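In what follows, a single structure is set out as structure tokens and then discussed.
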Amino acid sequence: MAKAKTRKHDQADPMPPGADYQWPAADPAQRGRTRTLFGICGQCMQGDCATLIHMQDGVVTRVEGNPAASPNYGSLCPRGASQLMNLYNPYRVKTPLVRTNPEKGLDVDPGWKEVSWDEAMALVIEKLNQVRTKDPRGLLVMEGFGNRDSLLRDHFAHAFGTPNVVGSHAPLCSIHYASNLVHAGCPEQVAEMDYCEYLLTFGRSLGPNFATTGAIRRFTKAMDRGMKLVVIDPRCSVEASKGEWIPIRPGSDYACLLAMAGTMLNEGLPFDEWFMKHRTNAPYLINPAGDYHRDPLTGKPMMWDAAAGCARAFDAEFADIALTGAYTVDGVACRTGFDLIREEFRQYTPEWAEGICTVPAATIRRIAGEFVKHAKIGSTIQIDGFTFPFRPASVNTHRGITNHRGGTYAELTAKLMNMLVGNIEVPGGCVGDSMRGPLLEPDDDGVLRPQFRAQAFPFKFPPDTIDGNEFYPHKNATPHLAVQAMLDPARYHLDYSIEVWLNLGANAIRKNAQPEKYVEAMRNVPFVVSVAYHMDEPTIMADVVLPEHANMERDIVSVLVPPHQTTGGELYGADTVRVRQAVPALFNTRHCDDILTDIAEGTGVLYGPGGVYDRLNRSMNDLVLTDGFYLGEGTLDVDRRHTREEIQDQLLKTWPRGDGKGLAEINQEGFFRQPRSRKEFFTYYFSPGDGVRHPFYFERLKKTGDSLRAQLREVGIAYPGIADEETVWEQYRPIPHWIENSEIQAPPEYDLWVVNWKSPYHPHDSGNPEGNPWLAELYAQDPFDFAVFMNAATAAKKGLKDGDRVTVESRYGRTSGALRVTELLHPDALGIPGNYGLGTLQSNPLIRQGTFYNSLLSIDDNTLDAISAGQEISPRVRVYRQEGAR
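Structural data, given as structure tokens:
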């Protein structure tokens, strides 16, 4: 894998050698025929822009945005406009393949033998039946954004009996826990752009880099009406250039957030007292152990009634809830959660933070004050006849702050700032980006019932899962933990091994740290199957390759889910379902769900109770909750085979927001849109007043840690992979506190921190943008892409010049590229955009070009955030000129 760590190329070649595939002539029967199909773009992980696909003589000639459909309303980014090259890609896998060379590696010729579909499927089904008989946990399903629109992927795995469905796509973007906890929203939180007047962002994009068209429109409208934008980031991004950019040392955002929250709590700034008393658990009384003090009769958490001078259960009648103070209740000394948090944060002054993050103390105080002022605490607004709290200011974070050790605390601290001004789930504030509805449901303690990653996985020993559910109960997708366990099963207490690796739209090798570890793990798996679009890194490691359709060849129906960047008016007033009508397949490929249907049938898990169809009947998409597709028990006959079209028709007809129309109608209309009152966009509307409390004191996090520690002691094991367990348990405290990430104490010769941002040309691998020659023509000319970026003053100190060939080396790996000096980076930062580089012996040569950022990262357990298991994305690096290179 040494070759994987150092790239040879520094300039994109839009027409790589070897692209000599001879395309067959178009179908004569299509000559003279013109067609326009409804489409849905798949060129980023959001994958939601509605398109029109124009065909002439059986050939796709143009793709454009659908002007009638949300969220893009006719616009399309360069990736979407270039998706013809995803379809007409000569490097696609065109027929089933079986490996003849037992040696495996990224640069090893597999000796492929072309076979029929029947032969390939028989071999796959035989191996799967063997592993299911032995132990179904021996099947690892590695999934990714490549076929995220599959209806059957997860249902097949669960019907088969394996718990090992592992996402390849999230260890570098562990953004879910805090929003799932505080908003009951999934996957994260976003700014509400119709009413926001002050937006403060840390480590995130507002749209220029992916899901671009709708996000940029919302952003520009907000800026045009006067929204103030403050971006705290090591890099001056496109959006930062339109507002105020505050440079910050990479990996130090947490210190800045602690100081801002500390300023709000302890320096006399106003806060939303009503919200804190009635919409959070901040007034709950906390005992010396850090737990809720509970009513001895009912077991309910208690608050202090200042008017009555006594403690009551949280749901009793209160004349005046005490937010602060120390009280003795039932002989137990208690304090309010708010008091404890304020005391902890007293030490985190702006002066303390300045020494870590380099943001001046005066700037930290100014921004904290501006945020509070613009929140307009106490104001209200009417929308469709309903009166909401109006809080037009928001703090929004993303992977730039979460993907460090202590990153979960950093995002929770941003939540504290938002709750202090009372902006959660109200106009102008910070909102979750799940589908809208009655999501704010209280648990038995009166606190918001969490969703998704904030619901802890159960502990089982020996572990059932390969990817660490038992040891990281709130984790995000963790292929790195799976690989660590596969390479050292005894260390992670596994009593079985992976016998079959089924790769579905995933690329764990290229999209994660230390690719050589994944290659080694795949070599050790007896049988690897890749459902593949092209010869990417996992596919060249496979024993059998099952070729799948390109995006435009896959028909789907899809609910439009809320976006990952911002939200706003065009998404308020309607719920939408769209259709993608497939273009004819070019090669001997198949739809992923048809492949899975055949495999499920061959392994005996398609029919009957507990089978794929039964699970599909009973499932609800947990990302979109009540407004997603839900068939309802009995909708599909579980004892006979169904076509994709049948299933799609039933999904449409049973959509909770629909009116009974199905596939025939949507194929005529392109989309269904159901009106919704704008007030229903805000989940506060469904649970107003004091109907639910958001967690301000994170008692649930503490409970998870206490339970995990007790369970490890009960079975007599230490926390696996960790040198000092206290570095884990300190991240399960109920109050955020300063945690050093793994890079702060790196040796001094590693004097810079590397940062990465999503490139407009390559935000994700979805749709194969890295192999797209049209996009290569663009990024090769873009002065802000496809290079290694360094602050001009820093480069001068190092004697480096624009255009120098440099090596970038962390403690974990190295890469190289052409240097570009800039004023748009913090002096302590080194910037590498996108995720170019790596590739295989048989991949499109374009993919092998560029600087491979992920080679600088580590999957060492000791560097991870203990809650999300997110990987450190800004390791310390050193940079030096390559000898004899310019």
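In our numbering, each residue's number is its place in the sequence shown (first place is 1) plus 608. Note that beta-carbon positions come from the ideal geometry of N, C-alpha and C, so glycine has one too. Just so you know, these numbers come straight off a predicted model, no measurement behind them.
Secondary structure at Q738, three-state DSSP: helix, strand or coil?
-> helix
Can you tell me where the alpha helix (DSSP H) with H1434 in it begins and where it stops?
-> Note, H1434: premise wrong, no alpha helix (DSSP H); not H, not E.
Straight-line Cα distance separating G769 from R761 = 13 Å
Collapsed DSSP secondary structure at K981 in the structure displayed = helix
Under 8 Å between the Cβ atoms of G1076 and L1095?
-> no
Tell me whether G682 sits in a helix, a strand or coil according to DSSP, three-state version.
-> coil
May I ask which residues mark the beginning and end of the beta strand (DSSP E) holding G673?
-> 667 to 673
Whole-number beta carbon distance between L865 and A970, since they are thought to touch under 8 Å | Not quite, the Cβ-Cβ distance comes to about 17 Å (not below 8 Å), so this is no contact.
Could you give the DSSP three-state label for I1347: helix, strand or coil?
-> coil
Does the stretch 1104 to 1112 come close enough to the stretch 1355 to 1369 that 3 or more CB-CB pairs lie under 8 Å?
-> no
For the alpha helix (DSSP H) that V723 lies in, which residues bound it at each end?
-> Note, V723: premise wrong, no alpha helix (DSSP H); not H, not E.
Straight-line gap, E805 to I1455 (C-alpha atoms, nearest Å) | Between E805 and I1455, the C-alpha separation is close to 42 Å.
Enumerate, from N- to C-terminal direction, the unbroken alpha helix (DSSP H) stretches of 4 or more residues contained entirely within the stretch 936 to 973.
-> 945 to 953, 958 to 965
Would you mind listing the beta strand (DSSP E) stretches within the stretch 1107 to 1181 that are 3+ residues and don't spill past its ends, in chain order?
-> With a minimum length of 3 residues, the unbroken runs of beta strand (DSSP E) contained wholly in the stretch 1107 to 1181 fall at 1108 to 1112, 1135 to 1140, 1152 to 1155, 1164 to 1167.
Would you kindly work out how many angstroms separate the C-alpha atoms of P887 and A927, rounded to a whole number?
-> Pro is not the amino acid found at residue 887; the sequence shown has Arg there. Using only the alpha carbons, I get a separation of about 16 Å.
Look up H1082 in the DSSP assignment and say whether it is helix, strand or coil.
-> coil
Assigned exposure category for Q552 - 16 Cβ within 10 Å defines buried | The requested residue 552 does not occur in the structure, where the chain is confined to residues 609 to 1494.
Distance CB(V1153)-CB(A1129) smaller than 8 Å | no
Sort out for me which residues DSSP pairs Y806 with in a bridge.
-> K836, A1001, per the DSSP bridge assignment.
For Q1490, does the three-state DSSP call read helix, strand or coil?
-> coil
Label S1424 either buried or exposed according to how many other C-beta atoms from any shown protein chain fall within 10 Å of its C-beta, with 16 as the threshold for buried.
-> buried
Are the stretch 806 to 821 and the stretch 1292 to 1310 touching by the rule of at least three beta carbon pairs closer than 8 Å?
-> no
Just reading off the beta strand (DSSP E) that H565 is part of, what are its end residues?
-> For residue 565 there is no data in the structure shown, the boundaries of the chain being 609 and 1494.
Would you mind sorting L1433 into buried or exposed? The rule is 16 or more other CB atoms within 10 Å of its CB.
-> By the neighbour-count criterion, in which a residue is buried when 16 or more other Cβ atoms sit within 10 angstroms of its Cβ, L1433 is buried.
At what residues does the beta strand (DSSP E) containing L714 begin and finish?
-> Segment: none, L714 is in no beta strand (DSSP E) and carries neither H nor E.
Candidates P1081, A1403, D1247: closest to G1212 by CA position = D1247
Taking contact to mean at least 3 C-beta pairs separated by less than 8 Å, is the stretch 862 to 879 in contact with the stretch 933 to 944?
-> no
How many angstroms separate the CA atom of A1150 from the CA atom of R707?
-> If you take the alpha carbons of A1150 and R707, they lie about 7 Å apart.
If you run the structure through DSSP and keep just helix, strand and coil, what is V1416?
-> It is a strand residue.
Beta-bridge partners of H1302, as assigned by DSSP | T888
What residues in its chain sit with their C-beta under 8 Å from that of V1232, if we drop five residues either side in the sequence?
-> Because the pLDDT of V1232 is 41, which lies under 50, any placement of that residue in the model is unreliable, and the question is left without a value.
May I ask whether a heavy atom of the ligand FAD can be found less than 7 Å away from the beta carbon of G1266?
-> In terms of ligand content, the structure shown is empty, and the ligand FAD therefore cannot be addressed.
Could you pull the start and end residues of the beta strand (DSSP E) that D913 belongs to?
-> 910 to 913
Skipping 5 residues on each side, what residues in its chain have a beta carbon closer than 6 Å to that of R1131?
-> K712
Give me the Cα-Cα distance between H1012 and R1308, rounded to the nearest whole angstrom.
-> Each residue's alpha carbon lies about 21 Å from the other.
CB contact flag (H1101, N1376, <8 Å) = no
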